[in-house]
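Structure, as structure tokens:
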Amino acid sequence: MAQHLGPLELIGDRWVIGDPTRKDGLSIVLTPEGLEHCRRGEAAPLLAIEWPQFVELKARAAYRRWQATPGGGFVGAFGPAADMGRDGCSLHGILRHPYEPWLARYTHHERVYTGGHVITLKALFDQLTEAKALDRLGDPEWLGTAVAKLSSYGSWYAPKGNRLVKETIQSLGA
């Protein structure tokens, strides 16, 4: 089984977005109940949100670590660049009751995230939001199967990635 899809990585028996091992590392743990925003060295999560609270959830993933810095944001401001700047590595969305925007940052891994993995990860979040099935992100077995199927995708071509993700989550029952 594949162990990662861009910043999404299997650590032990839990799927985590971001690198929790780096100094002051921020990560987002996907649990059956919802997600937990965590900081390395702190026992309790900074924030926990249950899946039904999300109206929408999207992923941002800078391809390289430097792109998620303020300097990367400055460079990204001069063109139609990928996710860059402080929010280049984050999950963002809309929470219900009251409807409000939400954002949680995570720490980039040492490795580079491939274009295919980033496109596919973003499409996975988009398609699960559309299917009203974000809770599938908290099912380690389901997500492991999905990541195994999707991690072999290497193309930069977004429409193909969207189609692949749609077919995969439909075949897995979402």
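Just so we're aligned, residue 955 is where the sequence shown starts under this note's numbering, counting upward by one.
Every residue, glycine too, gets a C-beta built ideally from N, C-alpha and C.
Small disclaimer: the values here were computed from a predicted structure and weren't measured.
If we call anything under 8 Å between Cβ atoms a contact, is residue i one with residue j?
| i | j | result |
| --- | --- | --- |
| Cys1043 | Arg1014 | yes |
| Trp1098 | Glu987 | At residue 1098 the sequence reads Gly, which differs from the Trp that was named. No, Cβ-Cβ distance for Gly1098 and Glu987 is not below 8 Å. |
| His1071 | Ser1125 | no |
| Asp973 | Pro1094 | no |
| Ala1077 | Ala1128 | no |
| Leu960 | Leu1082 | According to the sequence shown, residue 960 is Gly rather than Leu. No, the Cβ-Cβ distance between Gly960 and Leu1082 is not below 8 Å. |
On the DSSP letters alone, give me the boundaries of the beta strand (DSSP E) that residue i sits inside.
| i | result |
| --- | --- |
| Leu1011 | 1008-1015 |
| Leu1045 | 1043-1049 |
| Val1066 | First-last for Val1066: undefined, no H or E at that position. |
| Ala1058 | 1054-1059 |
Grab me the residues of residue i's own chain with a C-beta within less than 6 Å of its C-beta, minus the 5 sequence neighbours each way, in chain order.
| i | result |
| --- | --- |
| Val970 | Glu963, Ser981, Val983 |
| Leu1057 | Ser1044, His1046 |
Less than 7 Å between C-beta atoms, sequence neighbours within five positions excluded: which residues of the same chain meet that for residue i?
| i | result |
| --- | --- |
| Asp978 | Arg993, Arg994 |
| Asp1037 | Arg1014, Ala1015, Ala1016 |
Quick one: residues in its chain with C-beta nearer than 8 Å to the C-beta of residue i, no 5 flanking neighbours on either side, listed in chain order?
| i | result |
| --- | --- |
| Glu1004 | Glu987, Gly988 |
Would you give the residue range spanned by the alpha helix (DSSP H) that residue i belongs to?
| i | result |
| --- | --- |
| Pro1094 | 1094-1104 |
Could you give the C-beta distance for residue i and residue j, rounded to a whole number, given that I count them as a contact under 8 Å?
| i | j | result |
| --- | --- | --- |
| Lys1012 | Asp1080 | 7 Å |
| Gln1007 | Arg976 | About 28 Å separates the two Cβ atoms, so there is no contact after all. |
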